[in-house]
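Colleague: Protein chains in written order, with the working numbering: chain A, 385 to 588; chain B, 93 to 855.
Glycine residues also receive a C-beta, built at the ideal position from the N, C-alpha and C atoms.
Treat the numbers as computed from the prediction; the structure is a model and nothing was measured.
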Amino acid sequence: MSNTSGSKQSAFDRRAFMAGAAGSALVPLTARAAAAEARAAAPQDPALPVDVTLHVNGKEKRLSIDARTTVLDALRDHLKLTGSKKGCDHGQCGACTVLIGDRRVVSCLTLALAAEGQEITTIEGLATDDHLHPMQQAFIDNDAFQCGYCTPGQIMSAIACVKEGHAGSEADIREYMSGNICRCAAYPNIVAAVKQAAPEIMKG
Amino acid sequence: MTAAAPEPKENMGQPVSRYDAVVKVTGRATYASDMPLDNPAYAFLVTSAIAKGRIDRFGLDDARGVRGVIEIVTYENAPKLKDSKLFSDGGYAGTTIQPLKSAEISHDGEIIAVVVAESYEAAREAANRVKVSYTATAPSATFDSPGTTAAAAKGQNAQFKEDAKVGDFAKAFDAAEVKLTAAYDTPTQHHNPMELFTTSCAWMGDNLVIYEGSQYVYGLKNGVAEQLGIDADKVRVVNPYVGGGFGSRGSMTPRTAIIAAIARRLNRPIKLVPTRDQGFTITTYRAETRHEIKLGASRDGKLVALRHEGAEISSRADAYCVGGTKTTTRLYACANVDSLVSIVRADRNTPGFMRSPPEVPYLFALESAMDELAVKLNIDPVELRRINDTTNEPIGGKPYTSRALMACFDEAAKAFGWAQRSPQPRSMSDGDWLIGHGCAATCYPTQMAPSAARVRLQRDGRTRVEIAGHEIGTGAYTVIAQTAAERLGVPLEKVAVFMGDSDLPPAPVAGGSNSTASTCSAVMMVCDQIRQRLFKAVMPGQSLTDRAKETVGLGQTPATQAAKSDRPLDLEKAFDALGVGVVEEYGEWKPEGAPLDSFRAMHSGHPRLVGGHQMKDQIAYAFGAEFVEVRVNRFTHEIRCPRLVGAFAAGRIVNPRTARSQLMGGLIWGMSSALLEATEIDERNARYVNDNLADYLLPVNADVSGVEVIMLSEQDDRINPAGVKGLGELANVGTNAAICNAIHHATGQRIRKLPVRLENIEV
């Protein structure tokens, strides 16, 4: 879309924004800077669409979206990947958790533009050829959900929890899974699921 | 068997994994806001910043200037909607406060404008740019606020029919050897299901499709049709999965008809995703309550007098109340009982049902008082319950259909190690931690409502069950599939269940723990209709009714008996004899004692729930007992709850896996209702302050350890054909009292006001 506006006076100058957002450091600054360099400055009016390329579940997705679009809304409203859920839009509940690289990230607090060039993995990207990911199977085996709304976020978080080395004990799992609220309160079953899946995930 | 899938006991089904397990772990379960729409516009709500007064004017220029804004709807240009009555007055609505109707403001956070734009981002920005000038008057926020009005519930709430009483309370209390008078408070709480209160509306010609998480698709369909003034058959509500309900989605909220009407005006699908904080005021909540309990007893622990007075907050517009005295006056044997429920009106949004609406606050009071009485009498609290256990409720003298209260106490006490407890307060500790053990009873009425179902059986055994039930996390798909498989004798894998769609045969509201009892009873009946047709074809010479009875059980026979006497039916042979490819049956089931208009009401979105204490010659409740350990740090006063043990008896358990999960979640809810959850109110502005998931304290994983659920085997043939009592709201009742009783045991301090936070401990 329109890449013509390069006003220095822009309240929402793309380069300035990128530099400013670097403090939140979800991704290496170099990758982010490279993405920014690849495109001319964004339009002045944030409602005018900007082009962004996201890498989601191993596929490249080109989008033309409002610059304020979060990764969560980009996935849900623009890529029809509705597995990631909106529970608060404030980073308080964890229902929107995705992996960016190996990190678990609340996608509601991450702008799509800031995730450009990074590999995003969502709940839809876990199962392959009818084979569930070990964490998905463990959630089923241990009945680690009821309404299921927080489940995609719980599972993404649980995979990262294991890979971070935070699944060594039940106490650790409880602590490091506390960023994901389950209102149905399936917590003991979630702990059991993480325990079950951990060895297989660590084995790779 | 894993912990999650307990070995079934007598009268329990198999702990199969959830019917919807794979779609839920792969992200393919489609909740309302996941439904694809063709070129939707996005709506964002503007809500009032004052609780009482009127809007003088809107400043919309700035908002209209936002690129992508399509329309801003206020009371000045809103589509006209018809009013809907409160559900308890025969309507559909959870509130009669209808926003966008006038300049008047009835509560903080009331919807005052809807901004529609090409994108979510533009709608949100424009909504933030809407300027509103108000004339505000001082609101009355809650109890003790100036300007509230109080009156007895009886006479103003159609569903609250009587203040239960029997004998002569005043005289008996006066003469009692031991007396206790105590007051208890419970806080405002919000359901906060994980799924936001989203609504998407799309018109196709004159037909409207609504995607909205609902616990009652028939209620919502009929309610929206009424408000729009169109034929209910033109409205379809779809929600195959619901991201938690807990009561918040049981009655119609004002947002739905507004969004539908705007979508019609714009001739475009509209998607509304309200914010978490808006959810605190655009739906209902559990109102704060106050109680006074008076207990009179003999020295040997027999209750001779019981009085429970409760007061509840409601809005100015609506006389909502939960009136839990119907349960607390009937739980224990006592010859002289009195009760009174009153409603205090404030400038608030209308409250509504939240998981175990009457029992959570009212049993907190009674079960705390029972513990206080036990201490006063120097009787073990379990034994005090045993002394006052009863087979008949004291108000009308009706027998309980079954009552395993003391069996639950004994099982849970054993698992908990209650015998090792040293009864003296402050007598147990571990380093810096004071340890307390406490217990309480729980109970919940067994309720049923009319339900229909359609079942289709093919000759290869493939079965399709259609019922407008609701999967709110309870395991509804799973237990319905199990029921059909068992009744038809087909493999579970061959059963497909379709729910969450108001074009399917009506099921009742997924509330009051009635769903499994009602929907499974209906599915059983319709499966029996199919079997009768097949039997008739295979054995035309036989007396059909007798033959069917002998082989599978007909009509009101409980599932277990049917299963025991069941014999596989040769489907191929039966289909050949019938000469058809598919057998399909539709049927409407209603519980005993359901009113005459039940089926008509069922189709028009009015559930006719019966059961509990309202049955004719009996009273039906599920029971349980809960034991907790608390640890209170003697220096920091931090309170932890490392162990929760509950034993429950709830009739037939269709699936021990989904049942255990629900009971476990309930116990954690109960702990949360005691130690964490409270909506804080700014009394100057009648405003909820902590209206987000960081400040409204919910339990997280680190708050929970050591939860044990014990399910007792219980068979009750006097309640419904499925033999099910329902357990969705059983486990989170009484836990709050058990925790306060344990805190008393740990510290010697009696806490009568929830939630208990460390600043409330005065060790």
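Looking only at its chain, what residues have a beta carbon closer than 7 angstroms to the beta carbon of B/Ala499, apart from the 5 residues adjacent to it on each side?
Modeller: Counting from 1 along the second sequence, the entry for residue 499 of chain B is found at position 407. Closer than 7 angstroms at Cβ, skipping near neighbours: Ala741 and Leu804.
Colleague: I need the straight-line Cα distance from A/Gly471 to B/Ala739, nearest angstrom please.
Modeller: Here the question's residue 471 of chain A lines up with position 87 in the first sequence. Here the question's residue 739 of chain B lines up with position 647 in the second sequence. Whole-angstrom Cα-Cα distance: 32 angstroms.
Colleague: Where does B/Glu163 fall in DSSP's three states?
Modeller: Taking the second sequence and counting its residues from 1, the one referred to as residue 163 of chain B is at position 71. The answer is strand: DSSP assigns B/Glu163 an E or B state.
Colleague: Report the option in B/Gln624, B/Gln281 and B/Ile322 whose CA atom is closest to the CA atom of B/Asp298.
Modeller: By 1-based counting over the second sequence, the position of residue 298 of chain B is 206. If we check each option's Cα against that of B/Asp298, B/Ile322 comes out closest.
Colleague: Could you tell me which uninterrupted alpha helix (DSSP H) segments, each at least 4 residues in length, are contained entirely in the stretch 488 to 529 of chain A, listed from first to last along the chain?
Modeller: Within the stretch 488 to 529 of chain A, the complete alpha helix (DSSP H) runs of at least 4 residues are 518 to 525.
Colleague: Give the secondary structure of B/Cys293 by DSSP, where H, G and I count as helix, E and B as strand, and everything else as coil.
Modeller: Position 201 of the second sequence, counted from the start, is the residue given in the question as residue 293 of chain B. Looking at B/Cys293 - three-state DSSP - the assignment turns out to be strand.
Colleague: Report the option in A/Ala511, A/Val455 and A/Tyr571 whose CA atom is closest to the CA atom of A/Leu493.
Modeller: The sequence position of residue 493 of chain A within the first sequence is 109, counting from 1. The shortest Cα separation from A/Leu493 among A/Ala511, A/Val455 and A/Tyr571 belongs to A/Val455.
Colleague: Do B/Asn747 and B/Gly581 have their C-beta atoms closer together than 7 angstroms?
Modeller: Locating residue 747 of chain B in the second sequence gives position 655, where the first residue counts as 1. Locating residue 581 of chain B in the second sequence gives position 489, where the first residue counts as 1. Not in contact: B/Asn747 and B/Gly581 (Cβ atoms no closer than 7 angstroms).
Colleague: In terms of residues, what are the limits of the alpha helix (DSSP H) holding B/Arg478?
Modeller: In the second sequence, the residue the question calls residue 478 of chain B occupies position 386. Here the alpha helix (DSSP H) through B/Arg478 covers Pro473 to Ile479.
Colleague: Excluding the 5 residues preceding and the 5 following B/Ser434 in the sequence, name in chain order all residues of the same chain whose CB lies nearer than 7 angstroms to its CB.
Modeller: Taking the first residue of the second sequence as position 1, residue 434 of chain B is located at position 342. The residues are Ala242, Ala243, Ala244, Ala245 and Ala403.
Colleague: Compare the C-beta of A/Ala499 with all C-beta atoms of chain B and state if any pair is closer than 7 angstroms.
Modeller: Numbered from 1 along the first sequence, position 115 holds the residue referred to as residue 499 of chain A. No - not a single Cβ of chain B is within 7 angstroms of the one on A/Ala499.
Colleague: Does the pairing of the stretch 574 to 585 of chain A with the stretch 798 to 816 of chain B give three or more beta-carbon distances under 8 angstroms?
Modeller: No contact exists between the stretch 574 to 585 of chain A and the stretch 798 to 816 of chain B.
Colleague: Among the candidates A/Leu495, A/Ala528, A/Ile484 and A/Ser468, whose CA atom is the shortest distance from the CA of A/Val434?
Modeller: The residue you call residue 434 of chain A lines up with position 50 of the first sequence. Nearest option by C-alpha distance: A/Leu495.
Colleague: Rounded to the nearest angstrom, what separates B/Lys394 and B/Thr483 at their Cα positions?
Modeller: Residue numbering aside, residue 394 of chain B sits at position 302 when the second sequence is read from its first letter. Residue numbering aside, residue 483 of chain B sits at position 391 when the second sequence is read from its first letter. Between B/Lys394 and B/Thr483, the C-alpha separation is close to 15 angstroms.
Colleague: Per the contact definition of three or more C-beta pairs closer than 8 angstroms, is the stretch 451 to 462 of chain B in contact with the stretch 379 to 393 of chain B?
Modeller: Yes, since at least three Cβ pairs between the stretch 379 to 393 of chain B and the stretch 451 to 462 of chain B fall closer than 8 angstroms, the two stretches touch.
Colleague: Below 8 angstroms CB to CB, which residues in the same chain sit around B/Gly311 once its five sequence neighbours on both sides are set aside?
Modeller: For this step, residue 311 of chain B is matched to residue 219 along the second sequence. Hits under 8 angstroms: Phe179, Tyr184, Gly342, Ser343, Met344, Val601, Gly697, His698 and Pro699.
Colleague: Can you pull out the residues from the stretch 470 to 502 of chain A whose beta carbon lies closer than 8 angstroms to at least one beta carbon of chain B?
Modeller: If the cut-off is 8 angstroms between Cβ atoms, the stretch 470 to 502 of chain A has Lys470, Gly471, Cys472, Asp473, His474, Gln476, Cys477 and Ala479 near chain B.
Colleague: Apply the 10 Å Cβ neighbour rule to A/Leu486 and answer buried if 16 or more other Cβ atoms are within range, or exposed otherwise.
Modeller: Position 102 of the first sequence holds residue 486 of chain A. Reading off the sequence, residue 486 of chain A comes out as Asp, not Leu. A/Asp486 should be labelled exposed.
Colleague: Look at the alpha carbon of B/Arg554 and the alpha carbon of B/Gly604, and state the distance between them as a whole number of angstroms.
Modeller: Position 462 of the second sequence, counted from the start, is the residue given in the question as residue 554 of chain B. Position 512 of the second sequence, counted from the start, is the residue given in the question as residue 604 of chain B. Roughly 32 angstroms between the two C-alpha positions.
Colleague: What are the residues in the stretch 206 to 232 of chain B lying within 7 angstroms of chain A by C-beta distance?
Modeller: Those would be Ser211, Tyr212, Glu213 and Ala214, in chain order.
Colleague: What does the alpha-carbon distance come out to for the pair B/Glu676 and B/Gln574?
Modeller: Indexing the second sequence from 1 puts residue 676 of chain B at position 584. Indexing the second sequence from 1 puts residue 574 of chain B at position 482. Whole-angstrom Cα-Cα distance: 18 angstroms.
Colleague: Using a Cβ-Cβ distance under 7 angstroms, would B/Lys101 count as near chain A?
Modeller: Position 9 of the second sequence, counting from 1, holds the residue named residue 101 of chain B. Answer no: the Cβ-Cβ gap between B/Lys101 and chain A never drops below 7 angstroms.
Colleague: In chain order, what residues of the same chain lie with their CB nearer than 6 angstroms to the CB of A/Tyr560, ignoring the 5 residues before and after it?
Modeller: By 1-based counting over the first sequence, the position of residue 560 of chain A is 176. For A/Tyr560, where only same-chain residues beyond five positions count, the Cβ hits under 6 angstroms are Cys545 and His550.
Colleague: So is B/Pro285 buried or exposed if we call it buried at 16+ other beta carbons inside 10 Å?
Modeller: Within the second sequence, residue 285 of chain B is the residue found at index 193, counting from 1. With 16 or more other Cβ atoms within 10 Å, it is buried.
Colleague: Considering only the alpha carbon of each residue, which of A/Cys531, A/Asp450, A/Thr481 and A/Val489 lies closest to B/Gly757?
Modeller: As a first step, residue 757 of chain B is located in the second sequence; it is residue number 665 there, counting from the start. Here the closest residue by C-alpha is A/Cys531.
Colleague: Alpha carbon to alpha carbon, how far is B/Arg347 from A/Ala499? Give it in angstroms, no decimals.
Modeller: Residue 499 of chain A sits at position 115 when you count from the first residue of the first sequence. Residue 347 of chain B sits at position 255 when you count from the first residue of the second sequence. Computed Cα separation, rounded: 34 angstroms.
Colleague: Beta-carbon separation of B/Asn784 and B/Arg368 under 7 angstroms?
Modeller: Counting from 1 along the second sequence, the entry for residue 784 of chain B is found at position 692. Counting from 1 along the second sequence, the entry for residue 368 of chain B is found at position 276. Yes, the pair counts as a contact, with Cβ atoms nearer than the cut-off.
Colleague: Return no unless some Cβ of chain A is closer than 7 angstroms to the Cβ of B/Asp130.
Modeller: Along the second sequence, one-based indexing puts residue 130 of chain B at 38. Not closer than 7 angstroms to any Cβ of chain A, the Cβ of B/Asp130 fails to qualify, so no.
Colleague: Is the shortest distance between the beta-carbon of B/Glu718 and the beta-carbons of chain A less than 7 angstroms?
Modeller: Along the second sequence, one-based indexing puts residue 718 of chain B at 626. Taking Cβ atoms only, chain A never reaches closer than 7 angstroms to B/Glu718, which makes this a no.
Colleague: Pick helix, strand or coil for B/Met520, following the three-state DSSP scheme.
Modeller: Counting from 1 along the second sequence, the entry for residue 520 of chain B is found at position 428. DSSP places B/Met520 in coil when its eight states are reduced to three.
Colleague: Taking 7 angstroms as the threshold (C-beta atoms), are B/Val571 and B/Cys619 in contact?
Modeller: Taking the first residue of the second sequence as 1, we reach residue 619 of chain B at position 527. Taking the first residue of the second sequence as 1, we reach residue 571 of chain B at position 479. No, these two residues do not count as a Cβ contact at 7 angstroms.
Colleague: Using alpha carbons as the reference points, say which of B/Gln319, B/Ser237 and B/His836 lies closest to B/Ile189.
Modeller: Position 97 of the second sequence, counting from 1, holds the residue named residue 189 of chain B. Of B/Gln319, B/Ser237 and B/His836, the residue nearest in Cα terms is B/Gln319.
Colleague: Are the C-beta atoms of A/Gln538 and some chain B residue less than 7 angstroms apart?
Modeller: Position 154 of the first sequence, counting from 1, holds the residue named residue 538 of chain A. False, the Cβ-Cβ gap to chain B never drops below 7 angstroms.
Colleague: Whose C-alpha, out of B/Ile731, B/Ile203 and B/Arg692, is nearest the C-alpha of B/Ile869?
Modeller: There is simply no residue 869 of chain B to check, as chain B begins at 93 and stops at 855 in what is shown.
Colleague: The beta strand (DSSP E) with B/Asp430 in it runs from where to where?
Modeller: As a first step, residue 430 of chain B must be located in the second sequence, where it is residue number 338. Per DSSP, B/Asp430 belongs to the beta strand (DSSP E) from Val429 to Ala438.
Colleague: Mind listing the chain A neighbours of B/Glu676? Cutoff is C-beta to C-beta under 8 angstroms, in chain order.
Modeller: Counting from 1 along the second sequence, the entry for residue 676 of chain B is found at position 584. None at all; the shortest Cβ gap to chain A is about 30 angstroms.
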